[in-house]
Structures are given as structure tokens and as C-alpha cells.
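Notes follow once the structure below has been shown.
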Ligand code: DX5
Ligand code: ZN
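What follows is the structure, given as C-alpha cells:
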């Protein structure tokens, strides 16, 4: 099993990303996590494919788009063209998860499916074998800095029991105090946002997360 740290840029000063993102990568992060919000699926509006296109000028690191949007497939092409290697859409946003996964695969990127804290694993079970990654929201989507929701641990275990090979990503409230429990439950990809700003340096925050990984490093 590989382990990945995917820092979320959401809580950072967006005008500083051209230097902050290379620092994240230098410190040992694996994927850069882009939280795309449309003001409809979730109340806030963040950014679209333009941010991925701009960041691509400053880093070769793989990027993933977490689409918290009502019409995720309308954005697939733009994000692929912007250089994103994985696109994660929400099961709650579509009646056609299977078709959207196939669409992403046809575009040559990894396909991820996300579920909110109130959505059961059964909503995605039929398509897990088709996905590269399942994202279990460990807070309600929309904002950084929220408290980890414990009841999500059982869902991570349920996915890991049924799909030993799939990447399981957790997103929300991940820090040194919660990472042990999500690793134990079976997660192997970790979005970390506001915690990284709490340490004196980015390097220190990344190192603390990586030291919790059984492998000690991120891919
Ligand atoms: C929330 C986003 C998260 C967020 C995580 O809707 O999907 O990626 O940035 O932030 P923290 O780590 O602060 O909970
Ligand atoms: Zn996210």
C-alpha cells in the first residue's frame, strides 16, 4: 500500500500559490488538492480550471480537482486540459456515476468518487471497482478548518473491506491528532489544509503528517 499527502490550497493565501505549491512539493507532498466549489453544491465559490492552468506553470507535481459542483462533467474537459491528473466528483451530484467515471477514464485521467458524511457507502459500492479512488468526506464539504467527524471511520473501513486495492482518500479535519485513526481504518490518501498553516513552517507540518505514514513518505 502506498500513502499520499495531498495538501489542499484552500486555506492558503491564493496570491502566494506560485511559491507555496513548490514549497509543498519540496517538503514531500505527493498531490496538490484543488477544492472547486460552485456556490450551488456547496455555498462558497472558490476557483475553476484557471488555477490549475496557472499552477502548472510553477510545478510538475500531480494535481487533483475535487469538484464540489452540481454539474461536475461540465468541467471535466477544462480540468484535463489544464493538466490535472485526477478528477473527483461527488456521488450526490449525479444519477450517472458510472457514466461519469467512464468519461474520465476515456479522457486519460484517474477517476475519483466522493461521498458526504451523510451518504452511505452503498451509494458508491456498485462503481467502486471502476474507480481509481474513493474520497470519504470527513467533514461537510464547503470550508476548511472544521472538526473531523468520527462516524466516517466506519465508512472508510467498509470501503477498505470490500476493495483492498482502491485508493481511499480522506478530506477534512486531518491533522496529527486524527491521522492515526483514518490510517487504521484503511485510508491511504490524506487531504490536509488548515493544519499546515498552524505549524511554524510548511515543512514542519508536512513532516509531521508524513511521519504518521507507515511508509514515512508520500507518493
Ligand atoms: C472542504 C474541502 C477540504 C478542505 C480541508 O470542503 O474539500 O479539502 O480544504 O481543509 P481542512 O484540512 O482544514 O479540514
Ligand atoms: Zn477537498
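Residue numbers (my numbering): 861 to 1079. Glycine is no exception: its CB is placed at the ideal position from the N, C-alpha and C atoms.
- Between residue 870 and residue 898, the CB-CB gap reaches or exceeds 8 angstroms.
- Of the residues assessed, residue 1004 falls on the buried side of the cut-off, its CB having 16 or more other CB atoms within 10 angstroms.
- Counting every other CB atom within 10 Å of its CB across the protein chains shown gives residue 900 a total below 16, marking it as exposed.
- Sequence-distant Cβ neighbours of residue 944 in its own chain, meaning closer than 6 angstroms and more than five residues away, are 912, 923, 925.
- Within the model, the alpha-carbon separation for residue 936 versus residue 866 is close to 20 angstroms.
- Per DSSP, residue 936 is one residue of the alpha helix (DSSP H) stretching across 936-941.
- Each of 951, 956, 989 was checked against the Cα of residue 975, and the nearest Cα belongs to 951.
- Closest option to residue 1053, judged by alpha-carbon separation, among 987, 1022, 895: 895.
- Between residue 1047 and residue 1029, the CB-CB gap stays under 8 angstroms.
- For residue 892, the enclosing beta strand (DSSP E) begins and ends at 892-897.
- The continuous alpha helix (DSSP H) containing residue 880 extends over residues 877-887.
- For residue 1044, the uninterrupted alpha helix (DSSP H) run begins and ends at 1039-1045, by DSSP.
- Within the same chain, and ignoring the five residues on either side of residue 985 in sequence, the residues whose Cβ sits closer than 8 angstroms to its Cβ are 1022.
- Between the ligand DX5 and residue 903, a heavy atom-to-CB distance of less than 7 angstroms is absent.
- Counting along the chain, the unbroken alpha helix (DSSP H) around residue 1066 starts and ends at 1062-1070.
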